[in-house]
Amino acid sequence: MTVLFADLTGSTALGGRLDPEDVRALQGELFEFLNAEVERHGGMTEKFVGDAVVAVFGVPQAHEDDPERAVLAAIGLRDAFPEFAAKVQSRHAEDVALRIGVNTGEVVAGREAAARGELVVSGDPVNVAARLQQGAVAGQILVGTRTRLATERAVAFDGPLQIDAKGKNDPVEAWVALELLTRPARRGVGGLSAPLVGRDAEIGVLMALAQRVERERAPQLVTLFGQAGVGKSRLLAELVDRLGPDARLLKGRCLPYGDGITYWPLAEAAKSHAGVLETDTAEVAVEKLRGAIAETVPPEHRAAVLDATTWTIGLSLPGSKPIGFGSADVRGRLYDAWTRYIGGLGREQLTVLAIEDIHWGSEPLLDLLEHVAATLESSAVLIVCPARPELLDIRPAWGAGTPNATAFTLQPLGQQDARRLVDELLHVDEVGEDARSRILERAEGNPFFVEEILRMLIDQGALQRQNGGWVASSDIADIPLPDSVHGVIAARIDLLDAASREALRHCAVMGRVFWPAAVGVDEQIIGALSRRGPVSEQASSVFAVLRAFRL
Ligand SMILES: Nc1ncnc2c1ncn2[C@@H]1O[C@H](COP(=O)(O)OP(=O)(O)OP(=O)(O)O)[C@@H](O)[C@H]1O
Ligand SMILES: [Mg+2]
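Using the working numbering, you'd call the opening residue of the sequence shown number 102 and step up by one each time.
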């Protein structure tokens, strides 16, 4: 869980000068200002603690990227603050500034209380967040080390600074959050890389499908299911790589939160195809789209396709009647236009339309994708959609009405492949067998977990470079789960309904391998979760009559 403290400097002085009523009004406005940004990122704002406002990310619902949400909210607040300050200045002739502290850690939170909208968090990380906020200068965001580690791919930091903290013997390490990176770093361990490990069968299936699509001009919709971090995006990247320059790639991704536009991923895909840049003016963007569409769409349909694609991107064509939203007619026009657009591309050359993370996709987007897949004709279009298993919770019949839909699930890497991944990342063999086994045990065949555990160990100095190799320090015996991995697992569990969560909590007291019946939990409930949820059934149980599961 990640905690954010924000306070208004100058507010104590203000409190001395202003009417209590004005102070209350000002606090109310501050709260609203902060709360809007926090909620936009899926966090929850607590009331005032002293002069500071406290927000938490990860309660009542954990997300795998809670630290990132918190830091993005902090940056949003910092950047929007001048307007707020100007208001205070004009009303009270007083300069105010914002100081923010963000920290990640295990926090005690009352989930039930949180569900009622009351927040009860406590614990050391909360105190540290408060100290960070107090240690920040006006306008500064200070974050703790764990928050930095979890967000450094998306955010630029300066530091570390040492903040002397009251009541703590050691100073607290703090990092100054600067800004969002325009190009978030790729996943992986800085400076380490591994070729694709395993997945021969999967890449073989995808290549065969792509070749058939190209040869027979028979469109296909492929859904790649798999848990977070198992390697869906990597497999897709590998496929595109192997297809080489003969295939055209249009790529978009669904976003987990924010004010996403309904058809955002298609907008991204069209923009990348037309070469539209973020910095382009609306006119330039429309011209680029017009050019791109003219290349592949027959003249009689160009106007309609351009109209619909510009609308998808959130632009409107000068002189054209804006497309309304929600009516059947709009849907028809959009479906038609997108089918023609994508179809035109596929008639020219093999076209891969990759829509990432469709478990976050909007209902209308999923409808549209299915429609396009089902109606395309004689066009070499391969639609590839990586998705986490929860897609089937919101869309149980995904792809079902589409004759040319395929789906398969990426399982975690097997023991040997996981071991090879560690070797490939570290290159050399000097990490002892013991440390290696522990890493593998923690990572459970999930490549993202492997990478994150290594990244954490390197960051902590437990793995160190020596003479071009890596050596493990002796205290590698106990590997904690990195926050990023913990976040993924917590988010998986939080997707469950209350009864399943409760059942799982009962079981979890036995450890990660457990026998539901042994603690009086219905095996059926846990069995149902193992179909696509956070637990898996163990093939053999040491107790012949009890089913065993693993969290
Ligand atoms: N077979 C593999 N060989 C080597 N590295 C891999 C392999 N599979 C995945 N990785 C690496 O593991 C990390 C996680 O993989 P990836 O991002 O593809 O997961 P994902 O399934 O798309 O997860 P998410 O659901 O969160 O998007 C990436 O850095 C990726 O490069
Ligand atoms: Mg992915």
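Note that beta-carbon positions come from the ideal geometry of N, C-alpha and C, so glycine has one too.
query: Below 8 Å, can you find three or more Cβ-Cβ pairs linking the stretch 375–389 to the stretch 468–488?; result: no
query: Look at the Cβ atom of Leu243, then the Cβ atom of Ala275, and state whether they are nearer than 8 Å.; result: yes
query: Note down the Cα distance separating Gly621 from Val610, rounded to an integer number of angstroms.; result: 12 Å
query: By how many angstroms is the C-alpha of Asp265 removed from the C-alpha of Val273?; result: 6 Å
query: Exposed or buried, what is Arg232 when buried is set at 16 or more other beta-carbons lying within 10 Å of its beta-carbon?; result: buried
query: Out of curiosity, what's the CA-to-CA distance linking Leu173 and Thr413?; result: 26 Å
query: Let me confirm a value: Asp535 is counted as buried when at least 16 other C-beta atoms fall within 10 Å, else exposed. Which label applies?; result: exposed
query: Along the chain, which unbroken stretches of the beta strand (DSSP E) at least 3 residues long are found entirely within the stretch 495–546?; result: 506–510
query: From which residue to which residue does the alpha helix (DSSP H) around Leu135 run?; result: Pro121 to Arg141
query: Please work out which residues of its chain come closer than 6 Å, Cβ to Cβ, to Ala257, disregarding the five sequence neighbours upstream and downstream, and give them in chain order.; result: Leu279, Glu280 and Leu282
query: If you follow the beta strand (DSSP E) that Thr103 is in, where does it begin and where does it stop?; result: Thr103 to Thr110
query: Taking the beta strand (DSSP E) that Gly570 falls in, what are its first and last residues?; result: Gly570 to Ala573
query: Using DSSP's beta-bridge definition, name the partner residues of Ala455.; result: Lys352 and Val485
query: With a threshold of 16 other CB atoms inside 10 Å of the CB of His142, please say whether the residue is buried or exposed.; result: buried
query: Taking Pro400 as part of the beta strand (DSSP E), name the residues at either end of that continuous run.; result: Here Pro400 belongs to no beta strand (DSSP E); instead the alpha helix (DSSP H) covers Pro400 to Ile414.
query: Chain D beta carbons: is any one of them nearer than 8 Å to that of Gly332?; result: The question asks about chain D, but that chain is absent: this structure has only one protein chain.
query: Keeping to the same chain, check which residues put their C-beta closer than 8 Å to that of Thr363; ignore five residues upstream and five downstream.; result: Ser463, Pro465 and Leu466
query: Assuming Ala186 and Leu105 make a contact with CB atoms under 8 Å, what is their CB distance in whole Å?; result: Incorrect: roughly 19 Å between the Cβ atoms, too far for contact.
query: Going by DSSP, name the residue or residues bridged to Thr146.; result: Ala156
query: DSSP beta-bridge partners for Gln321?; result: Leu483
query: Since Leu671 is in the beta strand (DSSP E), which residue starts that stretch and which ends it?; result: Lying before the first or after the last residue shown, residue 671 is absent from the chain, which here runs from 102 to 652.
query: Sorry if obvious, but does the Cβ on Phe132 come closer than 7 Å to a heavy atom of ligand 1?; result: no
query: Looking only at its chain, what residues have a beta carbon closer than 6 Å to the beta carbon of Glu624, apart from the 5 residues adjacent to it on each side?; result: Pro617, Ala618 and Arg648
query: For Trp276, which of helix, strand or coil comes out of DSSP?; result: strand
query: Provide the residue span of the alpha helix (DSSP H) that contains Arg593, from first to last.; result: Asp584 to Asp595
query: Just grab the DSSP bridge partners of Asn228 for me.; result: Looking at the DSSP assignment, Asn228 forms no beta bridge with any residue, so it has no partner.
query: In the DSSP assignment, what are the bridge partners of Glu638?; result: Phe650
query: State yes or no: is the C-beta of Glu457 nearer than 7 Å to some heavy atom of ligand 2?; result: yes
query: Could you tell me the alpha carbon to alpha carbon distance between Gly353 and Glu369, rounded to whole angstroms?; result: 5 Å
query: To the nearest angstrom, report how far apart Val189 and Gly111 are at their CA atoms.; result: 11 Å
query: Can you have a look at Glu133 and say buried or exposed, based on whether 16 or more other CB atoms are within 10 angstroms of its CB?; result: exposed
query: Are three or more beta carbon pairs between the stretch 334–352 and the stretch 492–499 nearer than 8 Å?; result: no
query: Count Cβ pairs between the stretch 549–559 and the stretch 575–585 that sit closer than 8 Å; are there 3 or more?; result: yes
query: How many angstroms separate the CA atom of Gly289 from the CA atom of Val298?; result: 14 Å
query: Mind checking whether the beta-carbon of Pro487 lies closer than 7 Å to any heavy atom of ligand 2?; result: yes
query: Closer than 7 Å to a non-hydrogen atom of ligand 1 - does that hold for the CB of Ser334?; result: yes
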